[in-house]
Every structure is written in C-alpha cells, then in structure tokens.
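*Asks:* Structure provided below as structure tokens; questions to follow.
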Amino acid sequence: MAQGISFNLNGRPVTVQVDDPGMPLLYALRNDLGLHGPRFGCGLSQCGACTVHLDGKAVRSCVTPLATAAHRHVVTLEGLAKKEDLHPLQQAFIDEQAMQCGYCMNGMIMQAAALLQVNKDPNDDEIKSALAGNLCRCGSHMRVIRAIRRAAGATS
Amino acid sequence: MTNCVIDRRNFLKVSGVLVVAFSLEGILDAMPARAAVVAKPVSLTDVESFIAIDRDGKVTVYCGHVDLGTGVQTAIAQIAAEELDVAFERVTVIQGDTALTPDQGITSGSFSIQGAGMQIRQAAATARQALLLMAAQRLGGPIEGLAVADGVVRSKSSGKQVGYGELVAVQTLSLTVDKNARLKAPGDYTIVGKPIARIDIPAKVTGQFTYVQDFVVPGMLYGRPVRPPAMEAKLVSVDASSLRGIPGIVKVVREGDFCGVVAETEWAAIKAARQLKVTWTSWAGLPTQSELWSYVRATEVAKDEITSNAGNAAGAIEKASRRLKATYDFALQTHGSIGPSAAVAEFKDGKLTCWTASQATHALRKQFAQMFSMAEDDVRCIYVEGAGCYGRNGHEDAAADAALMARAVGRPVRVQWMRWDEHGWDPKGPPTLIDLEAGLDVRDNVVAWKGDFYIPVGGPAAVWLLAAQLAGRPHREDLETGSIFQNSAIPYGFPNRYTICHRLASTPLRPSWIRSPGRMQNTFANESFLDEITAAIGADPLEFRLKHIDDPRGTDLLRRLEQLARWEPHKIGNRGYGGDVLRGRGLSYVHYELSRTYVGIVVDVEVNRKSGKTRVIRASVVHDCGQIINPDGVRNQIEGGVIQTVSRTLIEELKFDRSHVTSLDWASYPILTFPDVPDVVVDLIDRPKEVPWGAGEPACAVVPSAIGNAIFDATGVRLRSVPFKPGNLKAALARV
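Quick look at the structure:
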C-alpha cells in the first residue's frame, strides 16, 4: 500500500509515494525526484557514488531506507550550489579537470563538502583519510585531492 | 555542448538546415521515421560523413569513436576546429550513433586520436580546401590571397569577407575525403596542443550530465537479469508466483537459460531479481584456482605465432656460458567499472533502438542483427556515455539484456546490472603465463633471448553477448581478447631473439580485453626479466637499456627519465631501510607495440618487511606519443593509467570456485583507495611535427614491471606473479 514520505530536498519540501518505505533513498532521489547527482555504484555502501547529505552528514543513499529521511534535510549534488554560483568544490573540480568518466565524482564532491564543514583546511593526509571509502576506478585521485585543496583555499 | 544525446529530431535541430554536403531542407516536416537515417551519409570516404556546417557556421563532427570518460571528444573537437579554422566553441561532437556516424571501428587500443581523429582531420582539411575555393570565387582573387579566422574567410587585398555559413547556405557540396588535402602546418596551430578544458566536466560536477544509467525514454520499464548460480548451469524452472507481494511486476522473461524480470519501478525490479525462485542444474566446470597455472600450461594450443625471430636463439642459449630462466604469471582481472553496466532498448515497428555505452556501437548493431535475425538497417545503436569501462566490460551485455527484455514486454526497458552482475559476469582479462630464457657469454653479454607466451587465441572483434548465449539465440562464440600478442617481442637488439605465442584454444571464464591487454602482461615479464639480467651481471638498468636500444626516440626518452627521476647509476640491490620499511626504485620501458608511443617509468616503493605490504610512493613517467592534441588530457590519462595499474599490480586478483566467480563486490575484489595512491609525476615529450599516437594504454604497460623491479631493489626478492600478494613477499623475505 502506497504511503507518502516527506522530507526537505535541497531546501524544498517533497513527498514521495512508495509501497516500500524500506526502499533506499537513492531510488527515490533518482527515479521519483528525477535527480542524477547521486549514482548507483554498488548498493552495498562500498564505493560512495551514491553519497548525499542527511542533516549535514555524508551518508550512502544506496543503503539508507527512505523512511530514515522522513522529516529530515537531504542535500544532493544538485543542491550544493547556492543559486547561480557553483559550490567552490564544483568550481575546483572543473578548474583541476579532476575526473575522467566522472561517475564517482558525486561521491567525491559530497564527501569533500562534508569534510570541509568540519575541517576548513585539510592537508593531503586528512583528505585521503576522509575519502578512503570513496572508490575511483579511473585513477583521478591526485586531481581530486588538488581540487579539494583548491576549494579549501578559496573558502578559507 | 555538454552531453549530447541525439535522437532524430535533435539531430535535425543541431545540424541545422544545410551542411557541407547533404541537405535536409524540405524533408523536415514530412519525413518518415527513418528519413534522417537515410539522408545522413556515413561512409568513410565522404566528408559529410564526418563534418557538417550549418548556416550559422556551427560545426558538427560525427565521430565513430566514443568518449569513454577519457576526454577524447574534446580532443576530436580540437582537431576539427583547428583544421577548419573555426573557434573551438563552434564545434559539437556526435559520437557512436550507427545512424549518424561512420564506422571507424571499436574505441580501443588508444587509437581514437591516431585512427579516428586523423580521419576527421583529413575530412576537415578537405572541407576547408573546398570552402576556400568557394570563397575565392565569391570574393574574387586567388586562394593564396585569403585568410581564415573563426570560419570567416577574408580577402587580404580587398578586405571583403564571407563566412562558412554563408558559403554553405548557397551551395551544397558533395566531397570525397582527399588524402592529399593540405593539412595545416603544426607551427600555425592555435587549438591543437593546448590544454583546453573538457566539454563534459561542467555538467558532471552539477548532476546535469546524462549517463546511460540516467537515460530515460517515455514509457520505459526497468529490467534486471537473473543469472545462474553456476556459470553454465541450465535453467530448469521459474516460479513466478514467488514474486507475489511485490507491486509493479510486469513480466518474468524467460528464454532458454536467460532469465530476467521487468517492473514498473527500479526498486521492484531489484527486489524481484533477488526474490525470484529459479531452479537451475548444477555445474562445476571451472578449473581449481589454486591449480590455475598448471591448468593453463596443459591447455590445448590452437596455434603458434612467432612474434620475433632473429639469429638462432635456441642454439645460442645452448652454447651460452650462463643461462637465466624465469616464469611469470599475471592473474585474471575484472574491469571494475564504478557504475555497473546499463543500457536502454526499445523495439518499435520491427526496429530495435539501443542507447548504450558500448565502445563499439557499430559492431553491437551487427551482433543485434544476428541475435534477433533482423536486417542491420533495422537496428540503431546510439552511444550514451556510461561509467568508464577500460575495455570490453558488461555494457554490451546489459544492452543485450535490455533488448531481449524490451522485445518480450513490447515497451522500452532500461537495465542496469547490480554490483554482483558486473563483478560476476563481465568478461575478464584472461590469465597469462610466460616463460623467458636468456643466454650470456663469458663477458656477460646477452647473446640470446627467448620467450614463450601462453595466451588465449583471439583478436579485437566483438565479444559474444551473454543474453544471446543464455537464450540460445544466434551468436558467434569466438574468443576475443584484444591483440594480446603485442609487446611479446622486445625492443632490445640482442643478436639472437625468438618469441613465440602459444595461442590457447580455451581460457577459464569468458575473456575480453582490459586496458593495455597483453602489452601489460608481456611487458611485465620482459621488463622484469631484463631487470633480472641486469641484476645478475651488475649492470645499471638505465644504462643497460640505453646500450641495447637502437632508436633515438627511445634513448631521448630514457635520458629525460634519468633527469626527471634523478636516476643515479647504482648496482641493483638493497637500498637500505629504516625500521621495518625497505625502500627501492625500479625502472621500466616500453615502445608500445614496437611501433607507437614510448614510455619510461621509475617507481619508488616502500616495502614493509613485517607485513609484506608494498606501497608505491611515486611514479615518474616520461611519455612520447608524438604530436600532443591536449596535454592535460594526456596527463590525465597517464596519471589515471598509472594509478589504476598500481591497483592491478598490488591487489587485484579475480577469485572463482569450480562453479562461478566469487569476487562479487569491492570487499572481495578490492581496488586501490586514496590512502595508498602514489604521486605521479609526468614529463610529456611533445613532437608537434610527428603523427599523434595513443595515450590511454601505453603508460599502464610499464607499471607492473617497474614495481616488481623496485621491490627487488628494496628487498632482493623477485616477484613473478601479479598481483604481488603481501603473503608471498613476506614468506620470501623470511627466506632471504
């Protein structure tokens, strides 16, 4: 039986009708709400491609039941930018050309955004440690690190 | 253009009304479904197959090769813009659409610039030549008196000017690609050779990019395949009632041993694929993994291919005063795309359209025509970028799953594999076994080199589609492994050389190619063994290579590497350590396929004696791929290739039992993560006057041997099995 689950998505209230409130948040975001920032990579919380912010914390939306998001704040890659301006991380990823296929980069940017909330100027080791659970197969790691440092420099 | 998914209507919009040669004017409104398909030439000989210019002077490039996340569409746009003399921003690239783009072959082997790009360059040069001729007539005076800037032709004497758009608006040209059309002098380049920012990245950082995993067509359903628990198990029965309780199930699709579920929502399809009760026969036909190398050695040889033969290697080894001999092996590996393979397919009015991230849309169309007994003209495959594939991963198989399910339900279906489908069922890089032997004379000269390579048969043709196999539909089940004989022969001029590939009739698990196929494995063995020789005779690895390479570009490159890495001649061996950490450096070199890109690398490692764990600290790479189109694109490819191959070398081994793959996720098949990623320092040799070669694969080829050589330098232990498992190294260190 369908039920409505309401939460705040990128600053706006939304309600999703689902049969199964245990459905991971990822599918609601991608299919019901039409967002393509968060991506399916493993469904096992192993790669980070699906990362979103739930009440400001980076979570893996592929294993987060939709019901968990009820009445809370969800921010996705699409909601990171303030109005017209790109988020400093988004701009830095462009400036550093920090990707190849880019499939994992939603996770990199969202994880890094969560890091910069608590550490305004992380060093390389802190960045590596914060992103240890985010997989990139193209090998864009060095550029990602440079982009995060650039973004930190731009905001601090 | 950030993310061009072009259907017929969009195609017309993008292309405008008039192009270099073919006109769509007047047929726009009354056009039957396939008119555009008929109207657009796609032969390799027509300019208009590759280039279109509209009335506004906008340029569309039709490229049969596709951007697999490598940045190649940006480079292709640079090549076309440069040769046509238009601003980079004017160029849009349409990729891998069998209705719109010429068949330039599969996107593999780092051939997109060297092959497809050069065809486009020549077409653009032909178009420019014709446009200048038209402009000369229009403006009066000779061609020599004209100058072009951003698609506007100006008479230097009169100052009068005319744009490409105006020229094509009044006259339709039908041009054949002129092999002699004069190319722009590299000294005049303003776009080629510049690190122009990639056109796809802005959309990828904001979530606006449409990957094939995001692609939607109206009325689309969601499909998931249900694979057998044992790889060649037969389907006995399906109990569709086991899906009771899951709303939105459209159909359980069964055909032969193919099984899949189609649902109104993605989550329903996922749950159904998990919950569906299917009875399968048992099967246990895979070899025992712990006995893999004896299994490979005992496999029937289908044919022998001699890849080099100079002098009399066997005789010289016989007479040598000293002989060295070693066996190397390289594990089965998987592509490991971060986004599991996906596709959308639709059957409509007897025609199949498939939106796919395939690296070979034209070949896939042929496979579909065979699989569904259709005319090729009734199949259209359209490239939509997916997650990076690094070779033939599961994209084509997901496409066949989608097509089979779409046909069964009469509606478009999107299939995305689950993680275990990708790890378990994408075709694998086959296991490689190599025996090497060398003979030295009394003065430690290498007088003979002999190599025996045990590798499966197969070229770079299409890998068979899993759904066709499972459903028992027509397909060719030939092994295709890429040109894996490449780089079995060596670039060193020892007087007697013999290398032979024993092409095996079979290999465990369906094979394909993974980045630098064969070249990586063969170079691993050859460059490791060369290092064994230098260690045995106390020669410096750099000087020894320089002595035996008769190729100025190779020697230039190694001298640059010497500077970049601050290489100091030393007797190879233990470099000392602090505590439990041993440090070493290793060098390796490749002349890719002995005919293309040159790469040299020095790798610095730290080995922990207690754990046997190796960390690559830094890789210094010098790279000569001839003319560089986009230096940042080349750097990005090298950095990524090195990091990916460090992962393959240190930790990646696909596991299987007698029935199926058991590495089914990132826990059972880990890849390198941020804390273990090395620095990669890149020095590019640009040769603008030379032809451009590839850059995606070659730097990968040198990594495993360089790491192995560095580990030997650090520890005195020679590792001959990739991956370099810590347990093996720890055990060997205990024996030292």
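Protein chains in written order, with this note's numbering: chain C, 1 to 156; chain Y, 1001 to 1736.
Ideal Cβ positions, reconstructed from N, Cα and C, are used throughout, including at glycine.
When you compare only the Cα positions, how much space is there between residue 1222 of chain Y and residue 1692 of chain Y?
*Replies:* As a first step, residue 1222 of chain Y is located in the second sequence; it is residue number 222 there, counting from the start. As a first step, residue 1692 of chain Y is located in the second sequence; it is residue number 692 there, counting from the start. Their backbone Cα atoms lie some 43 Å apart in a straight line.
*Asks:* Mapping DSSP to helix, strand and coil, what is residue 1499 of chain Y?
*Replies:* By one-based count along the second sequence, residue 1499 of chain Y stands at place 499. Note: residue 1499 of chain Y maps to strand in three-state DSSP.
*Asks:* Do residue 1181 of chain Y and residue 1136 of chain Y count as a contact pair if the criterion is CB distance below 8 Å?
*Replies:* The residue given as residue 1136 of chain Y occupies position 136 in the second sequence. The residue given as residue 1181 of chain Y occupies position 181 in the second sequence. The answer is no: Cβ separation not under 8 Å.
*Asks:* Restricting to Cα atoms, I'd like to know which of C:136, C:122, C:137 is closest to residue 130 of chain C.
*Replies:* For this step, residue 130 of chain C is matched to residue 130 along the first sequence. Comparing Cα positions, the closest option is C:122.
*Asks:* What does DSSP give as the partner residue(s) for residue 1601 of chain Y in the beta ladder?
*Replies:* Here residue 1601 of chain Y corresponds to residue number 601 of the second sequence, with the count starting at 1. In the DSSP output, where bridge partners are listed per residue, residue 1601 of chain Y has Y:1588, Y:1621.
*Asks:* In whole angstroms, what separates the C-alpha of residue 1498 of chain Y from that of residue 1485 of chain Y?
*Replies:* Position 498 of the second sequence, counting from 1, holds the residue named residue 1498 of chain Y. Position 485 of the second sequence, counting from 1, holds the residue named residue 1485 of chain Y. Between residue 1498 of chain Y and residue 1485 of chain Y, the C-alpha separation is close to 13 Å.
*Asks:* Can you tell which of Y:1042, Y:1272, Y:1348, Y:1343 has the C-alpha that lies nearest to the C-alpha of residue 1174 of chain Y?
*Replies:* Here residue 1174 of chain Y is taken as the residue at index 174 of the second sequence, counted from 1. Among Y:1042, Y:1272, Y:1348, Y:1343, the Cα nearest to that of residue 1174 of chain Y is on Y:1042.
*Asks:* Where residue 1609 of chain Y and residue 1581 of chain Y are concerned, what is the direct C-alpha to C-alpha distance, given to the nearest angstrom?
*Replies:* Counting from one through the second sequence, the residue named residue 1609 of chain Y turns up at place 609. Counting from one through the second sequence, the residue named residue 1581 of chain Y turns up at place 581. C-alpha separation (whole angstroms): 6 Å.
*Asks:* Is the segment 1536–1554 of chain Y touching the segment 1449–1468 of chain Y, taking contact as three or more C-beta pairs under 8 Å?
*Replies:* The segment 1536–1554 of chain Y, when compared against the segment 1449–1468 of chain Y, does not touch it at the 8 Å Cβ threshold.
*Asks:* Is the beta carbon of residue 1143 of chain Y closer than 8 Å to that of residue 1131 of chain Y?
*Replies:* As a first step, residue 1131 of chain Y must be located in the second sequence, where it is residue number 131. As a first step, residue 1143 of chain Y must be located in the second sequence, where it is residue number 143. Contact flag unset, no.
*Asks:* Below 8 Å on the Cβ atoms is my contact criterion, and I expect residue 1110 of chain Y with residue 1696 of chain Y to pass it. Report the Cβ-Cβ distance as a whole number of Å.
*Replies:* Within the second sequence, the letter at position 110 stands for residue 1110 of chain Y. Within the second sequence, the letter at position 696 stands for residue 1696 of chain Y. That pair is a contact at about 4 Å.
*Asks:* Among residues of its own chain, excluding the 5 on either side of residue 1732 of chain Y, which ones have a beta-carbon nearer than 7 Å to its beta-carbon?
*Replies:* To locate residue 1732 of chain Y, count along the second sequence from 1; it is residue 732. Counting only Cβ-Cβ distances below 7 Å, and skipping sequence neighbours, we find 1717.
*Asks:* The alpha helix (DSSP H) that contains residue 1307 of chain Y, what's its start and end?
*Replies:* The residue given as residue 1307 of chain Y occupies position 307 in the second sequence. Looking at the DSSP string, residue 1307 of chain Y is not in any alpha helix (DSSP H); the run it does join, the beta strand (DSSP E), is 1301–1310.
*Asks:* Please confirm whether residue 1179 of chain Y has its beta-carbon closer than 8 Å to some beta-carbon of chain C.
*Replies:* Your numbering for residue 1179 of chain Y matches position 179 in the second sequence. Output row for residue 1179 of chain Y: interface = no.
*Asks:* Where do the ends of the beta strand (DSSP E) carrying residue 1453 of chain Y lie?
*Replies:* Stepping through the second sequence from its first residue, residue 1453 of chain Y is reached at position 453. From DSSP, the beta strand (DSSP E) with residue 1453 of chain Y extends over 1446–1456.
*Asks:* Determine the burial state of residue 1376 of chain Y: buried for a count of at least 16 other Cβ atoms within 10 Å of its Cβ, exposed for fewer.
*Replies:* The residue you call residue 1376 of chain Y lines up with position 376 of the second sequence. Answer is exposed; the Cβ neighbour count stays below 16.
*Asks:* Buried or exposed: residue 1391 of chain Y, going by 16 or more other Cβ atoms within 10 Å of its Cβ?
*Replies:* Looking up residue 1391 of chain Y in the second sequence gives position 391. Classification for residue 1391 of chain Y: buried.
*Asks:* Closer than 9 Å by beta-carbon distance: list the chain Y residues that pair up with residue 93 of chain C, in chain order.
*Replies:* By 1-based counting over the first sequence, the position of residue 93 of chain C is 93. Simply 1201, 1204, 1205.
*Asks:* I'd like to know if residue 1419 of chain Y contacts chain C, where contact means its C-beta is closer than 8 Å to some C-beta of that chain.
*Replies:* For the purposes of this step, residue 1419 of chain Y is taken as the residue at position 419 of the second sequence. Answer yes: the Cβ-Cβ gap between residue 1419 of chain Y and chain C drops below 8 Å somewhere.
*Asks:* When the cut-off is 8 Å and only beta carbons count, does residue 146 of chain C lie next to chain Y?
*Replies:* Start at 1 with the first residue of the first sequence, and residue 146 of chain C comes out as number 146. Taking Cβ atoms only, chain Y never reaches closer than 8 Å to residue 146 of chain C, which makes this a no.
*Asks:* From which residue to which residue does the alpha helix (DSSP H) around residue 1082 of chain Y run?
*Replies:* Numbered from its first residue, the second sequence carries residue 1082 of chain Y at position 82. Note, residue 1082 of chain Y: alpha helix (DSSP H), 1072–1084.
*Asks:* In chain Y, which residues lie with their C-beta within 7 Å of the C-beta of residue 150 of chain C?
*Replies:* Within the first sequence, residue 150 of chain C is the residue found at index 150, counting from 1. The contacting residues do not exist; residue 150 of chain C stays about 13 Å from chain Y at best.
*Asks:* Quick one: grab the DSSP three-state call for residue 1352 of chain Y.
*Replies:* Walking along the second sequence from the start, residue 1352 of chain Y turns up at place 352. Strand at residue 1352 of chain Y.
*Asks:* Got a sec: which bits of the segment 1372–1389 of chain Y sit with their beta carbon under 8 Å from any beta carbon on chain C, in order along the chain?
*Replies:* Here the close residues are 1385, 1386, 1387, 1388.
*Asks:* If residue 1051 of chain Y sits next to residue 1080 of chain Y, beta carbons under 8 Å apart, how far is it from one beta carbon to the other, in whole angstroms?
*Replies:* Stepping through the second sequence from its first residue, residue 1051 of chain Y is reached at position 51. Stepping through the second sequence from its first residue, residue 1080 of chain Y is reached at position 80. About 7 Å separates the two Cβ atoms, so the contact holds.
*Asks:* So, is the C-beta of residue 1260 of chain Y closer than 8 Å to a C-beta in chain C?
*Replies:* On the second sequence, position 260 is the one that residue 1260 of chain Y refers to. It does not: the Cβ of residue 1260 of chain Y has no partner Cβ on chain C nearer than 8 Å.
*Asks:* Provide the residue span of the alpha helix (DSSP H) that contains residue 1155 of chain Y, from first to last.
*Replies:* Taking the first residue of the second sequence as position 1, residue 1155 of chain Y is located at position 155. No alpha helix (DSSP H) contains residue 1155 of chain Y, which is instead part of the beta strand (DSSP E) from 1152–1155.
*Asks:* Are the segment 96–112 of chain C and the segment 34–53 of chain C touching by the rule of at least three beta carbon pairs closer than 8 Å?
*Replies:* Verdict: yes, contact present.
*Asks:* Rank Y:1204, Y:1708, Y:1720, Y:1634 by C-alpha distance to the C-alpha of residue 1680 of chain Y and give the top, closest one.
*Replies:* For the purposes of this step, residue 1680 of chain Y is taken as the residue at position 680 of the second sequence. Per the Cα distances, Y:1634.
*Asks:* Please confirm if residue 1337 of chain Y has its CB atom under 8 Å from at least one CB of chain C.
*Replies:* Here residue 1337 of chain Y corresponds to residue number 337 of the second sequence, with the count starting at 1. Yes, contact with chain C.
*Asks:* Which same chain residues, not among the five before or five after residue 1178 of chain Y, have their C-beta less than 8 Å away from its C-beta?
*Replies:* Indexing the second sequence from 1 puts residue 1178 of chain Y at position 178. Around residue 1178 of chain Y: 1122, 1125, 1126, 1129.
*Asks:* So is residue 142 of chain C buried or exposed if we call it buried at 16+ other beta carbons inside 10 Å?
*Replies:* By one-based count along the first sequence, residue 142 of chain C stands at place 142. With 16 or more Cβ atoms within 10 Å of its Cβ, residue 142 of chain C is classed as buried.
*Asks:* What does residue 1053 of chain Y pair with, by DSSP beta-bridge criteria?
*Replies:* Here residue 1053 of chain Y corresponds to residue number 53 of the second sequence, with the count starting at 1. Answer by DSSP bridge pairing, in chain order: Y:1059.
*Asks:* Would you decide whether residue 1 of chain C is buried or exposed? Buried here means 16 or more other CB atoms lie within 10 Å of its CB.
*Replies:* Here residue 1 of chain C refers to the residue found at position 1 of the first sequence. Exposed, by the Cβ-count rule.
*Asks:* Between which two residues does the alpha helix (DSSP H) carrying residue 1548 of chain Y extend?
*Replies:* By 1-based counting over the second sequence, the position of residue 1548 of chain Y is 548. Looking at the DSSP string, the run of the alpha helix (DSSP H) that includes residue 1548 of chain Y is 1541–1548.
*Asks:* Please list, in chain order, the residues of the segment 1274–1286 of chain Y that have any C-beta partner in chain C closer than 7 Å.
*Replies:* Listed by position along the chain: nothing, the set is empty.
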